[in-house]
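Visitor: For reference, the structure I am asking about is given below.
In the UniProt record's numbering, the protein residues as written are 1 to 156.
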């Protein structure tokens, strides 16, 4: 069955926002942030893009479906924060763990590219944590180029 993107229902958005904030905070904690700092940063990031709990203009959240009515992940995509409306960003993408390794992430990214292009995007960027080697390999096979690298050393 082909992968499809279905707009996330407004009824499910609050739960998705909580889940997304928790996942982002967890990633920040794994990079060495304190839990309180990580949760504060995650809340601020999502608050900017979802004021009042609703997507800001140019932000879109989709359920990723593999077959009718069978969600297997989600995608958050939208205009990048800047002056050029043709610069777009994959803010978050997740495929359920038990569904990984089946090509669903690749198909989702290809649909994301089509969606962004149909809405005037010339570029599509994303961030990936250094520890996420599987995602990094996927993006490289889709011809995404590294444009910046952050490095950090814990001083003992």
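Ideal Cβ positions, reconstructed from N, Cα and C, are used throughout, including at glycine.
1. On the criterion of 16 or more Cβ atoms from any shown chain inside 10 Å, does residue 90 qualify as buried, or is it exposed?
2. Would you grab the beta carbon distance between residue 85 and residue 120 for me? Rounded to a whole angstrom, and I think it's under 8 angstroms.
3. Express the C-alpha separation of residue 155 and residue 11 in angstroms, rounding to a whole number.
4. Output the distance between the C-alpha atoms of residue 117 and residue 23, rounded to the nearest integer angstrom.
5. For the alpha helix (DSSP H) containing residue 115, name the first residue and the last one.
6. Output the distance between the C-alpha atoms of residue 136 and residue 53, rounded to the nearest integer angstrom.
7. Quick one: is residue 149 buried, meaning 16 or more other Cβ sit within 10 Å of its Cβ, or exposed?
8. Between the stretch 101-115 and the stretch 58-67, are three or more C-beta pairs nearer than 8 angstroms?
9. Under three-state DSSP, which class holds residue 60?
10. According to DSSP, is residue 154 helix, strand or coil?
11. When the distance is taken between beta carbons, is residue 93 closer than 8 angstroms to residue 104?
12. In the DSSP assignment, find the unbroken beta strand (DSSP E) run with residue 79 in it and report its ends.
13. Do residue 95 and residue 73 count as a contact pair if the criterion is CB distance below 8 angstroms?
14. Taking the alpha carbon of residue 109 as the reference point, which residue from 87, 27, 144 has its own alpha carbon closest?
15. DSSP has residue 68 in a bridge; who is on the other side?
16. Just to confirm my understanding: we take residue 35, look at its own chain, exclude 5 residues before and 5 after, and list those with CB closer than 7 angstroms. What are they?
Guide: Checking against the coordinates, here is how it stands:
1. buried
2. 6 angstroms
3. C-alpha of residue 11 to C-alpha of residue 155: approximately 45 angstroms in a straight line.
4. CA-to-CA, the gap between residue 117 and residue 23 works out to about 28 angstroms.
5. 104-118
6. Their Cα atoms are separated by approximately 30 angstroms.
7. exposed
8. yes
9. Here residue 60 sits in strand by DSSP.
10. coil
11. no
12. 71-79
13. yes
14. 144
15. None, per the DSSP bridge assignment.
16. 29
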